[in-house]
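In this note's numbering, the protein residues as written are 1151 to 1770. Before any comments, here is the structure.
As structure tokens, then:
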């Protein structure tokens, strides 16, 4: 059999026929030997081969050698190759030569070329000639060109002719134009969310990025997190940084650390700033401080103020105050109010009180800064200024400031104002304010009001309150059963005063053995009144025994009984209880000097949706 294997060598032997020459040039072009192809195309083009002329023009156009491209494309057009006019139009469009583009597009648009009609409409749009743009886009759209339907829909959208816009987006959607589906979904999102979801799901199948993002956001806003993850993941795995970030956030919320880190890192590869910040927060939460710093630094370099604040916080906790101040000052310069308070805390910690005050004053609308100003002024004995700031914080609903004002006014013996602020704090369930107010009512002999205050904190196991409820029942209601109940509770919580009062109550009820028990217990704890009453109890017991023996005329019992002085013990004497700060309920004490970290950047998901596509489509 004859060997017919093709080779480069044999192609050189092709005769100088233009058609065969064109085939030879195409072969070299396919091999990537463009310069050799150009040489051959030129030979055949000069013989008048139109397709070679056109191909040369296209090669030069792609090489951005526009002068040569224009020469050969015009030559091929003049020789009857009408498509060259379309390519000339595209060439001029790409170099912003819109008037020349119009000239060449129109030549083939008038011949019914839908792509040229579309492009002609686009150029008129960019020249702000909406009337001509509408004419040509409508011509192509009505002949079922999907891209023209999109462009015409966009023109109507911009002109606020939304009914017509939807009509052409819908027509384009039927023609399977994905840009039409996307814009139609956007326009319908507020009025017909179901249709939007249907369109987005169609776009999801073809991995249309913006459609997948918006569908994910809809599901996320509806708390359908598994669905949201599915839609985000479709384009996240194709490299979309925003989807990667949103997917990582959902994994982070689920405490799925491994997947969260993976997708944050992928998003960071796409230079998504918030991913850097959130990954830094994740490592900060896990106490992986060095790694956290790396990502805060990256986000800070993107000028994210929240990252600067948090990076400063890490340096603050490490007591690297110079670096902390540097980043706080940068964040403050960019408008971060949290950093103003944080740097105020820093200066307070290093005992630069005046500078601390100056920063708190810069953020004086913040309740926490108002409270801190009140505390500092109280510490340095500038009480009137403390009152001013506590009042501002109290007026803004801060319960601690209301309590502090009550304490200040109580110490100044201004009971009316003290009661006012303690009551404000009590309205927000502040327990120690009840103890203070109960004490004030007791001193004013408003025993029922005092009991109401003390009973709440007594039930919270506060020994002082339990003791005071016992005193009120004992002395003012003569309800000895209730008094004993509360004294016993206070006694079990270490209240020595209640031991004395229990002894007094038992003595008065002639329960001498029980009284003796309480007095002995109190005496062992160092209470002299218990010791005194115990002695009195023993004395009284002795007299009673001599009296009993004298009735039997036993020895000299009568003489002893008659000669022994009779004593009167005050069984109504009670210890009310000395009030001091130790008697209060221990409140949760926040750790000092812990910087305020910004762990989430507030986001409104409705602002995260990808917008309508606003760029018209040019057909190539």
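We put the CB at the ideal spot given by N, CA and C, even for glycine. Remember, predicted model here, so these are calculated numbers, not experimental data.
For residue 1554, the CB contacts under 6 angstroms within the same chain, skipping 5 residues up- and downstream, are 1540 in chain order. The DSSP-derived three-state label of residue 1407 is helix. Residue state for residue 1715 is assigned as coil, using DSSP reduced to three classes. Here the alpha carbons of residue 1762 and residue 1292 stand approximately 23 angstroms from one another. Minimum Cα-Cα distance from residue 1589 among the listed residues 1619, 1562 and 1385 corresponds to 1619. At a Cβ-Cβ threshold of 9 angstroms, residue 1650 and residue 1677 count as neighbours. Annotated three-state conformation of residue 1486 is coil, per DSSP. Put simply, the backbone Cα of residue 1303 is about 7 angstroms away from that of residue 1316. About 18 angstroms separates the beta carbons of residue 1414 and residue 1384, which is beyond the 8 angstroms limit, so they are not a contact pair.
Taking 9 angstroms as the cut-off, the beta carbon of residue 1243 is found closer than this to the beta carbon of residue 1768. The alpha-carbon separation between residue 1613 and residue 1733 amounts to approximately 7 angstroms.
Residue 1436 counts as exposed, since fewer than 16 other beta carbons sit within 10 angstroms of its beta carbon.
Taking a C-beta distance under 9 angstroms as the contact criterion, residue 1299 and residue 1319 qualify as a contact pair.
Apart from sequence neighbours up to five positions away, the residues of its chain that approach residue 1382 with a beta-carbon distance below 6 angstroms are 1366, 1393, 1396 and 1397, ordered along the chain.
For residue 1168, the enclosing alpha helix (DSSP H) starts and ends at 1168 to 1180. With the rule of 3 Cβ pairs closer than 8 angstroms, the stretch 1615 to 1630 does not count as touching the stretch 1748 to 1764.
DSSP places residue 1692 inside the alpha helix (DSSP H), whose first and last residues are 1678 to 1700. Burial is judged here by how many other beta carbons sit within 10 angstroms of a residue's own beta carbon; residue 1715 has fewer than 16 and is exposed. CA-to-CA, the gap between residue 1674 and residue 1644 works out to about 13 angstroms. For residue 1196 and residue 1167, the gap between their C-alpha atoms comes out near 12 angstroms. Taking each of 1596, 1641, 1533 and 1599 in turn and checking the Cα distance to residue 1617, the smallest one comes out for 1641. Pairwise C-beta distances place the stretch 1438 to 1452 in contact with the stretch 1461 to 1474, as three or more of them are shorter than 8 angstroms. Secondary structure within the stretch 1525 to 1562: the alpha helix (DSSP H) runs of 4 or more consecutive residues, fully enclosed, are 1533 to 1545 and 1549 to 1561 (chain order). Taking all protein chains in view, the Cβ of residue 1202 is crowded by 16 or more other Cβ atoms within 10 Å, so the residue is classified as buried.
Only residues of its own chain outside the window of five on either side were considered, and among them 1264 and 1268 have a CB closer than 7 angstroms to the CB of residue 1295, listed in chain order. DSSP places residue 1288 within a helical segment (H, G or I) once states are collapsed to three.
Secondary structure of residue 1299 (DSSP, three-state): helix. Looking from the CA of residue 1521, the closest CA among 1505, 1324, 1326 and 1549 belongs to 1549. Shown here for residue 1672: same chain residues with a beta carbon closer than 7 angstroms to its own, the five before and five after excluded, namely 1646, 1649, 1650, 1653 and 1680 in chain order.
A distance below 8 angstroms between beta-carbons, with the five flanking residues on each side excluded, links residue 1503 to the following residues of its chain, in chain order: 1497, 1526 and 1530. A distance below 7 angstroms between beta-carbons, with the five flanking residues on each side excluded, links residue 1219 to the following residues of its chain, in chain order: 1207, 1210, 1211 and 1241.
Per DSSP, the unbroken alpha helix (DSSP H) holding residue 1567 starts and ends at 1565 to 1576. Going by beta carbons, residue 1425 and residue 1378 fall outside the 9 angstroms limit. Judged by DSSP secondary structure, residue 1380 falls within the alpha helix (DSSP H) whose first and last residues are 1375 to 1386. For residue 1338, same chain residues with a beta-carbon under 6 angstroms away, outside a window of 5 residues either side, are 1345 and 1346 in chain order.
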